[in-house]
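Report on the following structure.
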Amino acid sequence: MDQISELLATGEEILDVEEESFLLFAQDIPTNNLGMIDSRAQSVEVSIHGSEYTIHQSPALLSGHRAGGTTGAVLWKITPLFAEWITSPTNPLWTTTLLNQSSTIVELGTGISALVALTVAPSVRHYIATDQEYVQRLFRTNLDANASISSSASAGTTGNSKGKSGKGKGGKASKSKQASTNSNPSAKAGNTSNISFTTLDWETDQPGQLKEECIPSEATQSDDNDEEEETDRGFDLLLSCDCIYNEALVSPFVRTCAEICRLRPPYNPSEAEQGSRSHRRPTICIIAQQQRSPDVFETWLRETMREFRVWRLGDDVLGEGLRGGTGYLVHLLLVK
Numbered sequence: 001m002d003q004i005s006e007l008l009a010t011g012e013e014i015l016d017v018e019e020e021s022f023l024l025f026a027q028d029i030p031t032n033n034l035g036m037i038d039s040r041a042q043s044v045e046v047s048i049h050g051s052e053y054t055i056h057q058s059p060a061l062l063s064g065h066r067a068g069g070t071t072g073a074v075l076w077k078i079t080p081l082f083a084e085w086i087t088s089p090t091n092p093l094w095t096t097t098l099l100n101q102s103s104t105i106v107e108l109g110t111g112i113s114a115l116v117a118l119t120v121a122p123s124v125r126h127y128i129a130t131d132q133e134y135v136q137r138l139f140r141t142n143l144d145a146n147a148s149i150s151s152s153a154s155a156g157t158t159g160n161s162k163g164k165s166g167k168g169k170g171g172k173a174s175k176s177k178q179a180s181t182n183s184n185p186s187a188k189a190g191n192t193s194n195i196s197f198t199t200l201d202w203e204t205d206q207p208g209q210l211k212e213e214c215i216p217s218e219a220t221q222s223d224d225n226d227e228e229e230e231t232d233r234g235f236d237l238l239l240s241c242d243c244i245y246n247e248a249l250v251s252p253f254v255r256t257c258a259e260i261c262r263l264r265p266p267y268n269p270s271e272a273e274q275g276s277r278s279h280r281r282p283t284i285c286i287i288a289q290q291q292r293s294p295d296v297f298e299t300w301l302r303e304t305m306r307e308f309r310v311w312r313l314g315d316d317v318l319g320e321g322l323r324g325g326t327g328y329l330v331h332l333l334l335v336k
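Following full-length UniProt numbering, the numbering of the sequence shown begins with 1 at its first residue and continues without gaps.
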């Protein structure tokens with residue numbers, strides 16, 4: 001069994017939109033309100049794998065009337081749960097070595113917290129966080145404020161496990177592309193120089209140059225050091241945490257996900273089983289979301305299944321925080 005097949009075995013492929021929606025929304029769902037931890041606090045404390053992070057946020061910005069939305073101005077409940085899950089040494093992305101110290105990751109709708117970037121980046125080559133321009137100042141503040149915590153916390157998670165090597169939610173955004181840090185492929189644990197922030201408007205921007213703009217040296221490297229390989233503009237993993245809440249943004253969000261994933265070839269099980277080196281690994285897409293509106297969820301799933309094959313990850317790999325009945329969902333996507 002190849003590594004991706006091993007990963008897919010941890011979930012259940014979704015074949016029918018209405019059946020999946022009924023299954024998920026017919027069960028009792030905990031009341032998480034909108035899903036913010038504390039929308040009035042200037043900062044909140046969260047714990048990831050026993051390490052405490054201080055996340056600065058902007059209640060004033062959240063309550064403003066900025067065109068394009070302000071939901072990324074505060075920390076949402078699902079984010080610490082997702083950050084803890086994605087960095088667990090038992091997460092199948094790590095145990096299959098699909099993620100390792102050579103991996104590059106891109107996140108959509110990162111918000112101000114930088115929490116997923118802080119926890120994941122020490123175990124990979126480079127992490128690109130994208131959102132609207134208005135979140136960048138607080139994103140960088142949180143990155144700097146928690147860098148030392150990220151350094152100490154990384155010692156017991158992900159890349160060191162078992163010796164393996166390693167919300168702005170779309171809408172209108174600034175057209176400028178500005179990386180918050182420089183690329184450093186050999187970044188040590190806790191060194192946030194391998195985290196970049198850039199703006200990405202799901203409705204107007206083309207994501208094909210993300211890698212080249214943020215980590216140009218990485219974009220020119222070949223997976224097998226084959227001189228005949230064309231430039232790899234793609235990513236090992238695409239993440240999005242709680243970006244699905246507005247029906248109007250579903251289509252541009254899904255389209256952006258598909259465009260990023262198509263920077264690499266789609267998954268071909270027969271080639272993977274034969275160990276073919278003629279193509280790079282496909283981009284794995286992980287979408288985490290809070291259960292809110294069944295209508296919005298169905299819209300997202302229907303749109304997604306036109307472009308992707310979709311698996312809902314099982315309780316045995318999601319753990320207590322994200323398993324069924326918590327009000328949160330995690331789906332794995334592979335572009336068609």
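Built from N, CA and C at the ideal position, the CB exists for glycine as well.
Fair warning: this is a prediction, and the values are worked out from it, not measured in the lab.
**Asked** How many angstroms separate the CA atom of residue 16 from the CA atom of residue 25?
**Response** 14 Å
**Asked** Helix, strand or coil: how does DSSP classify residue 244 here?
**Response** coil
**Message:** Can you tell me whether residue 30 is buried or exposed? The criterion is at least 16 other CB atoms within 10 Å of its CB, across all chains shown.
**Reply:** exposed
**Asked** How do the stretch 234-243 and the stretch 98-107 stand: do at least 3 beta-carbon pairs fall below 8 Å, yes or no?
**Response** yes
**Prompt:** DSSP puts residue 270 in a beta bridge; with which residues?
**Reply:** Looking at the DSSP assignment, residue 270 forms no beta bridge with any residue, so it has no partner.
**Request:** Sort 6, 50, 117 by Cα distance to residue 94 and report the nearest one.
**Result:** 6
**Asked** Is residue 318 near the ligand FAD, judged by its Cβ being under 7 Å from some heavy atom?
**Response** Questions concerning the ligand FAD fall outside what the structure shown contains, since it holds no ligand whatsoever.
**Asked** Pairing CB atoms from the stretch 111-120 with CB atoms from the stretch 74-91, are three or more of them under 8 Å?
**Response** yes
**The alpha helix (DSSP H) enclosing residue 119, as first and last residue numbers** = 115-120
**Asked** When the Cα of residue 134 is compared with those of 321, 96, 197, 307, which residue comes out closest?
**Response** 197
**Request:** On a CA-only basis, which of 62, 261, 45, 318 is nearest residue 288? Give me that one, please.
**Result:** 318
**Prompt:** From what residue to what residue does the alpha helix (DSSP H) around residue 311 run?
**Reply:** Note, residue 311: premise wrong, no alpha helix (DSSP H); beta strand (DSSP E) at 308-313.
**Asked** Got a sec? Which residues, its chain only, sit under 8 Å from residue 18 by beta carbon, not counting five neighbours each side?
**Response** 298
**Message:** If contacts are defined as beta-carbon pairs under 8 Å, then residue 245 and residue 296 qualify, I think. What distance do you get, rounded to the angstrom?
**Reply:** 6 Å
**Prompt:** Using DSSP with H/G/I as helix, E/B as strand and the rest coil, what is residue 14?
**Reply:** strand
**Prompt:** Roughly how far, in whole angstroms, is the beta-carbon of residue 262 from the beta-carbon of residue 335, given that I think they are within contact range, below 8 Å?
**Reply:** 6 Å
**Item:** Rounded separation between residue 119 and residue 148 - CA only
**Value:** 11 Å
**Request:** Ignore the nearest five residues each way along the sequence and tell me which others in residue 283's own chain have a CB closer than 6 Å to its CB.
**Result:** 234, 235, 238, 261, 264
**Request:** Apply the 10 Å Cβ neighbour rule to residue 306 and answer buried if 16 or more other Cβ atoms are within range, or exposed otherwise.
**Result:** exposed
**Request:** Between the Cα of residue 97 and those of 121, 3, 14, spot the shortest distance and give me the residue it belongs to.
**Result:** 3
**Request:** Taking the CB atoms as reference points, tell me whether residue 210 and residue 86 lie closer together than 8 Å.
**Result:** no
**Request:** Report buried or exposed for residue 175, applying the criterion of at least 16 other Cβ atoms within 10 angstroms of its Cβ.
**Result:** Interpretation of residue 175 is limited by its pLDDT of 38, a score under 50 that renders its predicted location unreliable; the figure taken from the coordinates is listed afterwards. Looking at its Cβ environment, which holds fewer than 16 other Cβ atoms inside 10 Å, residue 175 is exposed.
**Asked** Does the Cβ-Cβ distance between residue 333 and residue 11 come in under 8 Å?
**Response** no
**Prompt:** Under the rule that 16 or more other beta-carbon atoms within 10 Å means buried, what is residue 125, buried or exposed?
**Reply:** buried
**Asked** At what residues does the beta strand (DSSP E) containing residue 83 begin and finish?
**Response** Note, residue 83: premise wrong, no beta strand (DSSP E); alpha helix (DSSP H) at 78-86.
**Request:** Between the Cα of residue 192 and those of 36, 138, 145, 294, spot the shortest distance and give me the residue it belongs to.
**Result:** 145
**Request:** Identify which residue in 247, 205, 325, 194 has its Cα closest to the Cα of residue 217.
**Result:** 194
**6 Å Cβ shell around residue 315 - same chain, five flanking residues per side excluded** = 323, 324
**Whether residue 321 touches residue 84 by CB criterion (8 Å)** = yes
**Message:** Quick check: the Cα distance between residue 286 and residue 326, rounded to an integer number of angstroms?
**Reply:** 18 Å
**Prompt:** Hey, would you say residue 143 sits closer than 8 Å to residue 56, going by beta carbons?
**Reply:** no
**Prompt:** Of the choices 40, 60, 50, 82, whose alpha-carbon is the least far from that of residue 331?
**Reply:** 82
**Message:** Check for me: the alpha helix (DSSP H) holding residue 212 runs from which residue to which?
**Reply:** 210-214
**Message:** Among 205, 258, 42, 303, whose alpha-carbon lies nearest the alpha-carbon of residue 60?
**Reply:** 42
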